[in-house]
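Colleague:
Put into structure tokens, the structure is as follows:
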């Protein structure tokens with residue numbers, strides 16, 4: 001156990017008096033550099049974790065985990081087959097397509113999904129995201145449509161307005177091939193805060209089937225027990241069936257994006273840890289300055305019987321205290337900034353009109369402060385700061401007290 005005098009001396013060096021300018025200033029600079037580095041790391045990791053969470057829970061809560069198509073089969077029979085799997089929670093019919101939405105002289109390309117609104121609620125969170133209307137109204141009104149808030153704003157339409165859908169499917173007429181167009185009444189607007197708000201619309205399955213004139217193949221979208229094991233689930237379902245089936249999973253649409261977010265989070269962690277390493281070099285320089293400044297004190301302590309190890313402990317404690325205080329304050333400031341950064345970005349966006357988040361798949365800055373991220377940052381930073389004390393402490397213990405006293409005199 002360390003004696004009290006070592007703690008006392010280390011504390012005195014940390015809390016240097018105003019007259020001891022070199023020690024005081026270098027201690028402050030070292031602490032501030034750690035605070036800034038740790039704060040930035042906490043904020044960046046929280047934002048990256050927020051993007052990961054929003055993609056997983058919100059975007060992938062709307063889009064299918066997987067879709068299975070099986071031509072020439074009753075969907076009810078296929079549904080019963082799929083629900084036999086323990087990995088499948090629920091299923092709902094789905095017919096997909098694409099086309100153009102036209103309203104008020106504006107035109108937007110969209111993905112269109114034909115759904116059964118009652119069953120869709122069992123596989124999607126979209127019903128919880130409506131700001132106007134409800135998903136259930138699709139089944140109440142023929143040729144009705146629901147779409148995202150950003151898309152409605154872009155087309156300048158509201159509940160009750162009619163929007164024209166132009167399908168790429170063509171049909172023959174007396175004047176030749178014509179594209180299929182149909183007016184849809186807007187009955188619901190949802191807001192996911194993601195790119196599905198601008199490029200995804202929903203209609204009743206039977207309405208879309210009528211527009212496609214039976215050319216589309218309806219399938220079943222799956223809600224699985226494990227989002228990240230969906231590929232294995234699909235493979236198991238295919239292996240259990242002798243009939244031909246076509247499948248698609250969320251990884252085909254957003255898998256690369258999700259992997260990129262995780263990779264960027266790891267890379268940013270490593271890059272920002274270098275900032276902490278640079279800050280730790282400030283601790284090294286501070287300790288070396290203190291060792292040189294306190295050479296006389298060290299010599300006196302050595303002459304009254306203190307061992308080299310005791311001197312080493314004094315400066316290790318000094319460096320660790322600076323590191324611990326800097327890391328602790330950095331975590332506090334980082335968490336505080338993370339809580340308000342979305343509001344700050346929104347304020348800047350509204351004042352300057354920059355549209356900072358318009359090009360991202362989520363149109364706001366999500367934050368997810370995770371205990372594991374904070375622990376990683378704290379643990380890694382403490383290790384770096386601890387390593388930073390080794391050389392200065394070794395230098396202090398190695399100093400010759402006779403030489404130091406000679407120069408002091």
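Numbering (the numbering used here), first residue to last: 1 to 409. Just so it is clear, CB atoms sit at the ideal spot from N, CA and C, and this is done for glycine as well.
(1) Could you check what DSSP says for residue 193 in three-state terms: helix, strand or coil?
(2) Have a look at residue 46 and residue 34 and give me their C-alpha separation to the nearest angstrom.
(3) For the putative contact between residue 84 and residue 220, defined by C-beta atoms under 8 Å, what is the C-beta separation to the nearest angstrom?
(4) Per DSSP, which one or two residues make a beta bridge with residue 116?
(5) Report yes or no: do the segment 382 to 390 and the segment 48 to 57 share at least 3 C-beta pairs separated by less than 8 Å?
(6) Please classify residue 188 as buried or exposed, where buried requires at least 16 other C-beta atoms within 10 Å of its C-beta.
(7) Output needed for residue 205: all residues of its chain with C-beta closer than 8 Å, excluding positions within five of it in sequence on either side, in chain order.
(8) What is the residue span of the beta strand (DSSP E) that residue 90 lies within?
(9) From what residue to what residue does the alpha helix (DSSP H) around residue 218 run?
(10) So, for residue 26: in the same chain, excluding its five sequence neighbours on each side, which residues have a beta-carbon less than 6 Å away from its beta-carbon?
(11) In this structure, what does DSSP give as the bridge partners for residue 182?
(12) Could you pull out every unbroken beta strand (DSSP E) segment of at least 3 residues lying fully inside the segment 230 to 270, listed in chain order?
(13) Using 8 Å for Cβ pairs, my map puts residue 331 next to residue 37. What's the rounded Cβ distance?
(14) Rounded to a whole number of angstroms, what is the C-alpha to C-alpha distance between residue 222 and residue 65?
(15) According to DSSP, is residue 211 helix, strand or coil?
(16) Starting from residue 68 and walking both ways along the alpha helix (DSSP H), at which residues does that stretch end?
(17) Does the segment 193 to 203 come close enough to the segment 149 to 157 to have 3 or more Cβ pairs within less than 8 Å?
(18) How is the beta strand (DSSP E) around residue 160 delimited, first residue to last?
(19) Using 8 Å as the cut-off, can you tell me whether the segment 118 to 131 makes contact with the segment 248 to 255, which would need three or more C-beta pairs spanning the two stretches below that distance?
(20) May I ask you to report which of helix, strand or coil DSSP gives residue 202?
(21) Thinking C-alpha only, which one of 48, 90 and 130 is nearest residue 258?
(22) With burial defined as no fewer than 16 other Cβ atoms inside 10 Å of the residue's Cβ, what is the status of residue 256: buried or exposed?
(23) Assess contact between the segment 125 to 140 and the segment 226 to 238, defined as three or more Cβ pairs (one per stretch) separated by less than 8 Å. Is contact present?
Modeller: If we stick to the structure as given:
(1) Three-state result, residue 193: coil.
(2) Linking residue 46 to residue 34 through their CA atoms gives a straight-line distance of about 18 Å.
(3) The Cβ separation is near 13 Å, so there is no contact.
(4) Residue 116 is not bridged to any residue.
(5) Between the segment 382 to 390 and the segment 48 to 57 there are fewer than three C-beta pairs closer than 8 Å, too few to call the two in contact.
(6) With 16 or more Cβ atoms within 10 Å of its Cβ, residue 188 is classed as buried.
(7) Excluding residues within five positions, the ones whose Cβ falls inside 8 Å are 93, 94, 95, 114, 115, 116 and 218.
(8) Here the beta strand (DSSP E) through residue 90 covers 88 to 103.
(9) That residue, residue 218, is in no alpha helix (DSSP H); it is neither H nor E in DSSP.
(10) Result list for residue 26: 286 and 289, in chain order.
(11) In the DSSP secondary-structure assignment, residue 182 is bridged to 165.
(12) Those beta strand (DSSP E) runs which fall completely within the segment 230 to 270 and span 3+ residues are 246 to 249.
(13) Not a contact, Cβ separation roughly 11 Å.
(14) Spanning the alpha carbons of residue 222 and residue 65 requires a straight line of approximately 6 Å.
(15) Note: residue 211 maps to helix in three-state DSSP.
(16) For residue 68, there is no enclosing alpha helix (DSSP H); the residue is part of the beta strand (DSSP E) that begins and ends at 66 to 69.
(17) In the pairwise beta carbon analysis, the segment 193 to 203 is classified as touching the segment 149 to 157: at least three pairs are separated by under 8 Å.
(18) Counting along the chain, no beta strand (DSSP E) covers residue 160, and no H or E run does either.
(19) These segments do not touch.
(20) Strand.
(21) Comparing Cα positions, the closest option is 48.
(22) The residue in question, residue 256, is exposed, as its Cβ has fewer than 16 Cβ neighbours within 10 Å.
(23) Output reads no: the segment 226 to 238 does not touch the segment 125 to 140.
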